[in-house]
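Visitor: One structure follows; several queries about it will come next.
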Ligand code: BEZ
Ligand code: FE
């Protein structure tokens, strides 16, 4: 087609995509083109604005490396990550809700026995965390792998400290025969997501704060159940209603009770969704 106009260009691009052999790729790219064009028409995108957008995305790419994923941060702050999590984790009533994974998980965290202190030198008030992992029918889930990671009193994860050669406030535990788990750590504190890149510039330009309410990350994996990636949030936190990445669920907010000796106690139970044929197939591939 020659003489493509602003009125027929969307159709022209979509026709060009019609030969895409992978049907899912065809569906996704076609829809992306339709929505991108509709967006440009709706805001009557100027050439200057188009170029600023290109420069912004270029800066997002330049800021990203194997330790820093600015594109994920962009997706998080635009609510795309949480939307994708919510659409793909529509679990039955009674299951623990999922939330965003975040960029601070690392492979190879140390393994700990039940009751161990995973702080490993992280700063913060002492805290005991315990609970049980159950299935939807109430059955204890024995031998589940529980991976935990969190920020310290300064609101930083171990991986954010230059030159730190050991893991702090993260670890892998297993549930006992009754599904129980227990570990010691430090109290999680609210922290700002990284703002020294283009996503930070966008937050400032849109007058948004970068804070996440205090939380503890959990990833729970057990045979016969769907993997659960979630957080437990601290009740009373100032940022519960304005999380920079939209990850808060009321069911994930818990009391971290101050004890007589000044330490904290968090008790929280998790309920896993049984794996279905769909999830078995997904994890097998
Ligand atoms: C986190 O909770 O670790 C996190 C999630 C999204 C963006 C930044 C941090
Ligand atoms: Fe976090």
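Residue numbers (our numbering): 5 to 289. Glycine included, C-beta positions come from ideal geometry on N, C-alpha and C.
#1: Counting pairs of Cβ atoms below 8 Å between the segment 196 to 203 and the segment 130 to 148, do you hit three or more?
#2: Under 6 Å Cβ to Cβ from residue 128, same chain only, skipping five residues before and after it: list those, please.
#3: Are the CB atoms of residue 120 and residue 172 within a distance shorter than 9 Å?
#4: According to DSSP, is residue 274 part of a helix, a strand, or is it coil?
#5: In this structure, does DSSP put residue 94 in helix, strand or coil?
#6: Taking residue 202 as part of the alpha helix (DSSP H), name the residues at either end of that continuous run.
#7: Let me make sure I understand the geometry here. Which of 60, 154 and 257 has the alpha-carbon closest to that of residue 105?
#8: Given a cut-off of 9 Å, decide if residue 231 and residue 223 are closer than it, judged by their beta-carbon atoms.
#9: What do you get for residue 100, buried or exposed, if any count of 16 or more other CB atoms within 10 angstroms of its CB means buried?
#10: Since I believe residue 179 is in contact with residue 225 (beta carbons under 8 Å), could you give me their beta-carbon distance rounded to a whole number of angstroms?
#11: So is the beta-carbon of residue 216 under 8 Å away from any non-hydrogen atom of ligand 1?
#12: By the three-class DSSP mapping on this structure, what secondary structure does residue 121 have?
#13: Give the DSSP-derived three-state secondary structure of residue 291 in the structure shown.
#14: Hey, how far is the Cα of residue 244 from the Cα of residue 67?
#15: Please specify which runs of the alpha helix (DSSP H), each continuous and at least 4 residues long, are wholly inside the segment 53 to 95, giving them in chain order.
#16: To which residues does DSSP link residue 196 through a beta bridge?
#17: Taking the alpha-carbon positions, what's the residue 6 to residue 37 distance?
#18: For residue 31 and residue 86, I'd like the C-alpha separation in whole angstroms.
#19: Need the endpoints of the alpha helix (DSSP H) that residue 35 sits in, please.
#20: Assign residue 286 to one of three DSSP states: helix, strand, or coil.
Guide: On the basis of the data shown:
#1: no
#2: So the qualifying residues of the chain are 156, 157, 190 and 191.
#3: no
#4: DSSP places residue 274 in strand when its eight states are reduced to three.
#5: coil
#6: First-last of the alpha helix (DSSP H) with residue 202: 202 to 209.
#7: 154
#8: For residue 223 and residue 231, yes; Cβs fall inside 9 Å.
#9: buried
#10: Their Cβ separation, rounded to whole angstroms, is 11 Å, which puts residue 225 and residue 179 out of contact at 8 Å.
#11: yes
#12: strand
#13: Lying outside 5 to 289, the shown extent of the chain, residue 291 is not represented and no answer is given.
#14: 28 Å
#15: Taken in chain order, the complete alpha helix (DSSP H) segments of 4 or more residues contained in the segment 53 to 95 are 74 to 81 and 84 to 92.
#16: 215
#17: 19 Å
#18: 22 Å
#19: 27 to 47
#20: Low local confidence applies: a pLDDT of 49 at residue 286 is under 50, so the model's placement there is unreliable, with the coordinate-based value given in what follows. Residue state, collapsed to three classes: helix.
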